[in-house]
Structures are given as C-alpha cells and as structure tokens.
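*Asks:*
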Amino acid sequence: MIFRKASFFTVCLLFVMQSTSFAQEQHYYQTDFSIVDFQERRSQIFEAIGNNSIALIQGAASIKGFKVFRQTNTFYYLCGLESEHAYLLLNGRTKTSTIYLPNRDKARESSQGKILSAEDADLVKKLTGVERVRGYGSLSNDLVGTGLINRGAPYLYTPLSPAEIGND
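Residue numbers (UniProt numbering): 1 to 168.
1) Please confirm if the region 40 to 60 is in contact with the region 77 to 95, defined as three or more CB-CB distances below 8 Å between the two stretches.
2) So, with DSSP's three-state summary, where would you put alanine 153?
3) Within this structure, are the beta carbons of leucine 139 and serine 53 separated by less than 9 Å?
4) Quick check: what's the CA-CA separation for glutamate 40 versus tyrosine 136?
5) Express the C-alpha separation of glycine 50 and glycine 92 in angstroms, rounding to a whole number.
6) Can you tell me whether serine 21 is buried or exposed, with buried defined as 16 or more other CB within 10 angstroms of its CB?
7) Can you look up serine 21 in the DSSP assignment and give me helix, strand or coil?
8) What first and last residue would you give for the alpha helix (DSSP H) that runs through valine 124?
9) Hey, out of Leu116, Ile45, Leu101, whose CA is closest to proline 159's CA?
10) Quick check: the Cα distance between glycine 65 and glycine 152, rounded to an integer number of angstroms?
11) Between which two residues does the alpha helix (DSSP H) carrying isoleucine 35 extend?
12) Take tyrosine 87 as the anchor and find which of Thr96, Glu131, Phe75 has the nearest alpha-carbon.
13) Going by C-alpha to C-alpha distance, which of Glu119, Tyr77, Leu90 sits closest to isoleucine 35?
14) Taking the alpha carbon of arginine 134 as the reference point, which residue from Gln112, Ser110, Thr98 has its own alpha carbon closest?
15) Report buried or exposed for glutamine 30, applying the criterion of at least 16 other Cβ atoms within 10 angstroms of its Cβ.
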C-alpha cells in the first residue's frame with residue numbers, strides 16, 4: 001500500500017515537472033490581433049508623420065515585486081509585444097519598423113519562463129511583421145543613422161505624456 005502511494009506521488013510529481021518545463025520553453029505572445037492589423041496601424045503612423053520624420057515608442061519598464069507585467073497601450077497597439085524595456089522605431093522615410101529588445105537573460109528566464117529577446121529576432125519578425133529586430137544597444141546608432149543630429153534632420157515624434165498601462 002505504501003509502495004502504491006509512493007508510486008502515485010512520483011508519477012504525479014514527474015507529470016507536474018514535465019508540464020512546467022514545457023511551459024517555460026514556450027514564448028508568450030498575444031493572440032488578440034493579427035500581423036496585418038499591426039502593419040495597418042503602423043502604416044497609418046507613417047502616413048501621419050510623413051517622409052522626413054521618425055517615431056520612437058517606448059515600451060513599459062519591468063515591474064518590481066510580484067506584479068504582472070503589462071505593456072503600454074501604444075506599444076501593444078502597434079506591435080503586440082509584451083516584453084519589458086522594448087522600443088519601436090518607425091522610420092517615415094524608409095517606411096520600416098524596428099523593434100529593440102534586451103538581450104537574453106537566462107537567469108530571469110529560469111524563474112519566469114521564456115522571454116522574447118533580441119536573440120529571437122526571426123521569431124519576433126514573424127509574430128509582429130516588423131522589418132528588423134535588434135538589441136536595444138543598437139538604438140542610439142540607428143537614431144544617428146536616420147540623420148537625427150544633422151542639419152535638416154527628420155522630425156522626432158514620441159509620446160510626451162506618461163504611458164497608459166492600465167494599472168495606474
């Protein structure tokens with residue numbers, strides 16, 4: 001009888017451990033909107049800002065403690081990613097979108113599960129329909145590359161009011 005209880009407990013424990021490890025291997029991504037929805041929304045931004053402009057949208061920062069992370073409304077509306085410390089650059093001249101993400105943090109992933117990072121560039125492009133995905137260390141160079149610091153520089157559009165994240 002004791003052997004049966006121990007066997008049953010062992011089987012249950014193995015099942016739970018296997019399910020948990022499988023869940024941590026999966027990236028979380030929204031299913032509310034399609035890639036086409038995001039591409040159409042970004043196209044509307046391109047039309048609004050014109051050819052000599054760029055738009056930079058900052059995602060939400062990480063949340064301290066045991067609160068659930070929630071992306072800013074604007075960032076989520078334009079690409080659907082719910083990754084902390086992400087940026088979206090919309091280049092009006094080239095009509096291209098670039099997402100900047102942190103690099104992989106294995107220690108954090110070991111406790112929270114898979115987190116989309118710059119190393120997942122191909123997957124992020126597939127999920128969001130953006131043209132480029134880079135580490136956010138490249139953002140400053142890419143901004144300089146747009147001619148932002150030159151004479152006749154493009155206009156920079158960015159939200160000036162605090163981001164709405166729904167838990168304010």
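Every residue gets a Cβ at the ideal spot worked out from N, C-alpha and C, and that includes glycine.
*Replies:* On the basis of the coordinates in this document:
1) yes
2) coil
3) no
4) 24 Å
5) 6 Å
6) At serine 21 the pLDDT is 46, less than 50, meaning the model places this residue with poor confidence and gives no usable figure here.
7) Confidence at serine 21 is low in this model, with a pLDDT of 46, below 50, so the placement of that residue should be treated as unreliable; the coordinate-derived value is given next. Three-state result, serine 21: helix.
8) 121 to 128
9) Ile45
10) 45 Å
11) 35 to 49
12) Phe75
13) Tyr77
14) Thr98
15) exposed
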